[in-house]
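Okay, so here's the structure we're looking at.
In the UniProt record's numbering, the protein residues as written are 1 to 338.
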């Protein structure tokens, strides 16, 4: 494949071509890097049971379907990829698995969502019984931390990527490089961006080493502009997507600045649904910009987070989103065969 293949073919194709296991044709790997086919050109994707899903949008397993399995663990991603296991699961495995990454005190990249090992925003019980910030805790201690009493422990990024079958794409969210001085969900000026990139670069280099070695198609997302900017500097062929928070304009500006293949808004940012502008982390009213229409006009996929019910999923599908980021494997099951 030549270098002129559009990166966006990778993201736009996940939902529709995963069913026939041909996702890699326009992916980053086809242009020389980051997962997918083996070097000899063999498509090592194995047999799937997805043909009947047709043109359904991509099903993206949030933290490995965190509502069903212990989030961001090897066990979770294995079951999310496989499908057909656990209460309420459908035959369909995830088209893409979303995971979060942070560093340990030793600089190793682990798959974990929160800053603190035993603290969680909103007063919920922490994920593990180990105290301290992840990036101030030695790797050995982090890897021994048990997630929600499940028997599963916090894994390395490389371990998780090895556990995900090659036919399943991976959305790696760059969560934190090991700092409390980050600029969250902001469109930055040049001076601020340069300073923030300095915080992200060492972590990003280590994360990209693991990503480059994996066999999967990979999409990087983040709430932090500097994370995406650093990825673009170091790996310009790797697809990226800004996560939107409270501003459609800022999110689209960042997407344009880095020619992002996708945007990841909260589900209440999609016009034409009953929950547009509803309270969810942040709430509308948003601007008059129709995010879905503008993103599609610019050639970007729209993958929405974090979808909790089949009704939300159906309304978002009807509105035209490209991917559903959710905690349950059966979100798209109702009405899919009709």
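Quick reminder that beta carbons are idealized off the backbone N, C-alpha and C, glycines included.
task: May I ask which residues mark the beginning and end of the alpha helix (DSSP H) holding residue 198?
output: It spans 190-213 - the alpha helix (DSSP H) in which residue 198 sits, taken as one unbroken run.
Complete beta strand (DSSP E) runs within the segment 241-329 (minimum length 3 residues, chain order): 301-307, 323-326, all fully within the segment 241-329.
query: At what residues does the beta strand (DSSP E) containing residue 173 begin and finish?
result: Annotation for residue 173: the continuous beta strand (DSSP E) segment containing it runs 169-174.
Enclosing beta strand (DSSP E) for residue 59 [first to last residue]: Segment 58-62, the beta strand (DSSP E) holding residue 59.
query: Would residue 184 be called buried (16 or more neighbouring beta carbons within 10 Å of its own) or exposed?
result: The Cβ neighbour count for residue 184, taken over all protein chains shown within 10 Å, is under 16; the residue is labelled exposed.
query: Does the Cβ of residue 190 have 16 or more other Cβ atoms within 10 Å, making it buried, or fewer, making it exposed?
result: It is exposed - the Cβ of residue 190 has fewer than 16 other Cβ atoms within 10 Å.
- prompt: Which full runs of the beta strand (DSSP E) of 3+ residues lie inside the segment 91-142, going along the chain?
  reply: List check, beta strand (DSSP E) in window: 96-103, 109-111.
task: State the DSSP-derived secondary structure class of residue 79, mapped to helix, strand or coil.
output: Residue 79: helix per DSSP, three-state reduction.
query: Buried or exposed: where does residue 322 fall if 16 or more other Cβ atoms within 10 Å of its Cβ makes it buried?
result: Here residue 322 is buried. Its C-beta has 16 or more other C-beta atoms within 10 Å.
task: Please confirm if the segment 298-312 is in contact with the segment 251-271, defined as three or more CB-CB distances below 8 Å between the two stretches.
output: Under the 8 Å Cβ criterion, the segment 298-312 counts as touching the segment 251-271, having at least three qualifying pairs.
message: Helix, strand or coil for residue 73? Go by DSSP, reduced to three states.
response: Note: residue 73 maps to coil in three-state DSSP.
task: Less than 8 Å between the CB atoms is what I'm expecting for residue 98 and residue 171, so what's the real figure, rounded?
output: Their Cβ separation, rounded to whole angstroms, is 4 Å, which keeps residue 98 and residue 171 in contact under 8 Å.
message: Among 237, 202, 187, whose alpha-carbon lies nearest the alpha-carbon of residue 104?
response: The residue with the shortest Cα to Cα distance from residue 104 is 202.
message: Whole angstroms are fine: how far does the CA of residue 76 sit from the CA of residue 147?
response: Computed Cα separation, rounded: 11 Å.
message: Does the structure place the segment 62-76 close enough to the segment 152-170 that three or more beta carbon pairs sit under 8 Å?
response: Taking 8 Å as the limit for Cβ pairs, the verdict is that the segment 62-76 does touch the segment 152-170.
message: In this structure, how does DSSP classify residue 154 when only helix, strand and coil are distinguished?
response: Per DSSP, reduced to three states, the secondary structure at residue 154 is coil, with no helix or strand assignment.
- request: Report the rounded CA-to-CA distance for residue 289 versus residue 137, giving the unit in angstroms.
  value: Near 43 Å, if we compare the C-alpha coordinates of residue 137 and residue 289.
- prompt: How many angstroms separate the CA atom of residue 259 from the CA atom of residue 223?
  reply: Distance between the alpha carbons of residue 259 and residue 223: 16 Å.
message: Taking the alpha carbon of residue 116 as the reference point, which residue from 239, 154, 150, 81 has its own alpha carbon closest?
response: The candidate whose alpha carbon is nearest that of residue 116 is 154.
message: For residue 273, which residues in the same chain have their Cβ closer than 7 Å to its Cβ, ignoring the five residues on either side in sequence?
response: Within the same chain, residue 273 has close Cβ partners 315, 316, 319.
Rounded straight-line distance, which links the Cα of residue 135 to that of residue 107: Rounded to the nearest angstrom, the two C-alpha atoms are 8 Å apart.
query: Can you tell me whether DSSP reads residue 362 as helix, strand or coil?
result: No answer is possible for residue 362: the residues shown for the chain start at 1 and end at 338.
field: Under the three-state DSSP convention, the category residue 220 falls into
entry: The DSSP-derived three-state label of residue 220 is strand.
query: If you count every other CB in all the chains shown that lies within 10 Å of the CB of residue 127, and 16 or more means buried, which is it?
result: Buried: at least 16 other Cβ atoms inside 10 Å.
Residues bridged to residue 146 [DSSP beta-bridge criterion]: BP columns for residue 146 point to 153.
task: Tell me, to the nearest whole angstrom, how far the beta carbon of residue 267 is from that of residue 304; I am working on the premise that it is less than 8 Å.
output: Rounded, the Cβ-Cβ distance is 5 Å, consistent with contact.
query: Under the three-state reduction of DSSP, which class applies to residue 183: helix, strand or coil?
result: In the structure shown, the three-state DSSP call for residue 183 is coil.
Distance between residue 287 and residue 145 (C-alpha atoms, nearest Å): Cα to Cα, the separation comes out at about 43 Å.
For residue 279 and residue 205, the rounded distance between their alpha carbons: Spanning the two alpha carbons is a distance of roughly 37 Å.
- prompt: Are residue 245 and residue 226 close, meaning C-beta to C-beta below 7 Å?
  reply: It is not a contact, given that the beta carbons lie outside the stated cut-off.
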